[in-house]
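Residue numbers (the numbering used here): 43 to 221. We put the CB at the ideal spot given by N, CA and C, even for glycine. See structure below.
Here is the structure:
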C-alpha cells in the first residue's frame with residue numbers, strides 16, 4: 043500500500059469506475075483496492091457522498107478545462123467570446139458524456155442532484171463567464187439558464203447529431219444581447 047492521501051483515494055475511486063464501468067462502488071471497494079479498511083478513508087472523507095462529490099467535481103472541472111479560465115486574448119469582441127465560451131461548456135459536457143458515460147453518471151448523481159454541489163458548480167461557471175465577458179451576475183444567470191438545454195444532464199438523453207445546429211439556433215436569438 044502506498045501512502046494514503048486524498049488524491050490517491052480519488053484516483054483509485056476513478057480507476058474503479060473505469061474498470062467496473064459502473065458507479066455502484068462502495069467505500070469498502072475503494073478501501074480494498076488501496077489495501078486498507080474502508081474506515082481508513084474517513085480520515086480524508088467524512089462519508090461516501092463527499093468522496094464521490096469531490097471526484098465528480100474534479101472530473102467535471104477537467105472536462106471543462108477550456109473555460110476554467112477561458113482565454114480571451116485571441117478575441118476582439120464580447121459576442122465571439124460569449125459564443126465560444128458557451129460552446130466550450132456545451133461541447134465539453136457533451137463530449138464528457140460520450141467519452142465517459144460512467145463518470146458522467148457520477149457527475150449527474152453527485153453534483154446535479156445535490157443542491158449544494160450544484161450551486162458550487164453553477165457559481166464556478168458564472169464566475170468564469172463573467173470574467174470572460176465582463177457581464178454582471180444577473181445577465182450571466184439569464185444566459186446560463188437560456189443555454190441549460192446544452193449543459194444540464196437532464197437533457198443529455200436528447201443530445202444528438204443536431205446538437206451544434208440547435209446550439210447555433212439558440213445563439214442566433216441571444217447574440218444581440220452581446221452587441
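query = Cα separation between residue 201 and residue 66?
reply = 25 Å
request  = From the DSSP output, in three-state form, read off residue 46 for me.
outcome  = coil
request  = With DSSP collapsed to three states, give me the class of residue 101.
outcome  = helix
message = Does the segment 45 to 56 come into contact with the segment 88 to 97, if we say contact requires no fewer than three beta-carbon pairs (one atom in each stretch) closer than 8 Å?
response = yes
inquiry  = Can you list, in chain order, the residues of its chain with a C-beta nearer than 6 Å to that of residue 182? Leave out the 5 residues immediately preceding and following it.
reply    = Annotation for residue 182: 168, 171 and 172 place their beta carbon closer than 6 Å to its own, counting only its chain and skipping 5 residues before and after.
key: Spatial distance of residue 80 from residue 61 (CA atoms)   = 19 Å
task = Could you pull out every unbroken alpha helix (DSSP H) segment of at least 4 residues lying fully inside the segment 132 to 181, listed in chain order?
result = 143 to 149 and 157 to 175, all fully within the segment 132 to 181.
Straight-line Cα distance separating residue 220 from residue 208 = 19 Å
message = Mapping the DSSP letters down to three states, classify residue 117 as helix, strand or coil.
response = coil
query = Just to check, is the beta-carbon of residue 101 closer than 7 Å to a non-hydrogen atom of the ligand SAH?
reply = Looking for the ligand SAH in the displayed structure turns up nothing, as the structure carries no ligands at all.
Residue 213 to residue 205 span [Cα, whole Å] = Their Cα atoms are separated by approximately 12 Å.
message = Considering only their Cβ atoms, is the gap separating residue 153 from residue 102 smaller than 8 Å?
response = yes
query = CB-CB under 8 Å to residue 91, same chain, minus the five flanking residues each way: which ones, in chain order?
reply = Excluding residues within five positions, the ones whose Cβ falls inside 8 Å are 152 and 156.
inquiry  = Can you tell me where the alpha helix (DSSP H) holding residue 69 begins and where it ends?
reply    = 69 to 76
request  = Go ahead and pull the three-state DSSP assignment for residue 202.
outcome  = Of the three classes helix, strand and coil, the one that applies to residue 202 here is coil, per DSSP.
key: Distance between beta carbons of residue 51 and residue 86, contact taken as under 8 Å   = 6 Å
As assigned by DSSP and simplified to three states, the class of residue 107 = DSSP places residue 107 in helix when its eight states are reduced to three.
query = Where does residue 87 sit, in a helix, a strand or coil, going by DSSP?
reply = It is coil, neither helix nor strand.
request  = Below 7 Å CB to CB, which residues in the same chain sit around residue 126 once its five sequence neighbours on both sides are set aside?
outcome  = none
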